[in-house]
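Chemist:
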Amino acid sequence: MNLNTLCEITQEIRKVVIETMSNSDDYGELVKVRPRDITRKIDLVAEEALDTALENRSISARIISEEIGDRIVGRNPQCLLVFDPVDGSTNATCGIPFFCTSLRRQQTSRGKQSNYCRKFPIDWRISY
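So in UniProt numbering, the last spot in the sequence shown is 128, and the numbers never skip.
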């Protein structure tokens, strides 16, 4: 997976998050509460969007996510993805337009090669 693919996937996640926020009133619903963090419905929507984007491209990956933890999509992971689905989900649910998604790729076969699409804003009022 190259940087362009990584950024395409991030933009797809952004689109799904924006659509969900525009069409659903319960996107901020609490799903899980932990001592230092909470998971909202919108976080899980972004997680599912990542899985779908990978599956549509036949990309197998190990994913370490702030919300779900460690999982594998596909059969033989080609890379490691570190994912924060919606960083700033509390801002998003309060109408504060400062939140983003973060996705970083680490090639499993070459430990020193990595790419990342850092902090793509997912505020629907910003267009690229």
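We put the CB at the ideal spot given by N, CA and C, even for glycine.
1. Please list the terminal residues of the continuous beta strand (DSSP E) segment that includes Glu40.
2. Rounding to the nearest angstrom, what Cα-Cα distance links Leu3 and Ile9 in this structure?
3. Spell out the partners DSSP gives Ile72 in its beta bridges.
4. Are the Cβ atoms of Glu55 and Asp84 separated by less than 7 Å?
5. Could you tell me which of Phe99, Gln11, Pro97, Gln106 sits nearest to Leu50, measuring between CA atoms?
6. First and last residue of the alpha helix (DSSP H) that includes Gln11?
7. With Met1 and Gln78 assumed to form a contact (beta carbons below 8 Å), what rounded beta-carbon distance in angstroms separates them?
Modeler: This is what the structure gives:
1. Looking at the sequence shown, residue 40 is not Glu but Arg. Unbroken beta strand (DSSP E) run through Arg40: 38-40.
2. 10 Å
3. Per DSSP, Arg62.
4. no
5. Gln11
6. Unbroken alpha helix (DSSP H) run through Gln11: 3-23.
7. The C-beta distance from Met1 to Gln78 rounds to 7 Å, short enough to meet the 8 Å contact threshold.
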